[in-house]
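Following: one structure in structure tokens, then a few remarks.
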Amino acid sequence: MAKSYVIQSLPALKILRHLAKYPHSTVIGLLVGTIDGDRVTILDAIPLVHHWLDLSPMLEAGLALAKIHVESKNLKLLGTYVAHSRTDLKSLDIVSQRLNESLQSDSSIALVIDSTKLNTTDNPFIPYTRSKDSEWSVLGDKSLQVNVPKDWLHCEGSIGDFDDHLEDLGVDWLVNPTIVCPT
């Protein structure tokens, strides 16, 4: 049976706020959640980078810290998200592919954000999963449920990623506790 993926409101909000903070940069982050049989639930998102967009030691350091944090919460790293700086790019980049492969999860998912859909009621997330032959392909719409807060741009709180944390150690990039999701 095919897996179904659910993106809760909080991670959707964090992803969208991350790309809104850096509209002229490609942003990459991690998806966190649980796996229950064929149901994969994304409960949180960890904004990773907007500067270090290649497989650099900085990206690897951020990934290692995120893994420790996620494991301490008894959750799993489920995949990645990427919002390209160019709005015409809607494919999964090689860095996201390699990051997902490093997670070694059969339920790995990669989300590409379609920036052209941000001001519409359409789902801005393009989900990619790996097939049995390890090729990345777009997941069917029926296998993804997304809960995007309607007024996400006006929600409270500021978002920070690992790059921000390197510039200011006071930035809690693993939790981003000031992000408030409307109920």
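To convert, count from 1 in the sequence shown and add 865; that's my numbering.
For each residue, glycine too, the CB sits at the ideal point set by N, CA and C.
All values derive from a computational prediction rather than experimental measurement.
Contact test: ASN1012 Cβ vs the ligand MN heavy atom, cutoff 7 angstroms: Although the ligand MN was asked about, the structure shown includes no ligands whatsoever.
Beta-carbon spacing of ALA867, VAL1011 below 8 angstroms: For the 8 angstroms CB-CB criterion, ALA867 and VAL1011 do not form a contact.
Three-state secondary structure (DSSP) of PRO992: Three-state DSSP puts PRO992 in a strand.
Own chain, CB closer than 6 angstroms to HIS934, minus 5 neighbours either side, in chain order: The answer, listed in chain order, is LEU1039.
Neighbour flag for THR899 against chain B, beta carbons, 8 angstroms: No chain B appears in this structure, which consists of one protein chain only.
Buried/exposed call for ILE1024, threshold 16 Cβ in 10 Å: If you draw a 10 Å sphere on the C-beta of ILE1024, you find 16 or more other C-beta atoms in it, and that means buried.
Continuous beta strand (DSSP E) assignments of at least 3 residues falling wholly in the segment 928–1010: Restricted to the segment 928–1010, the beta strand (DSSP E) segments that are unbroken, complete and at least 3 residues in length are 941–948, 974–978, 990–995, 1001–1003, listed in chain order.
CA nearest to the CA of GLU1000, picked from ALA931, ARG963, LEU924, ASN939: Answer by Cα proximity: ARG963.
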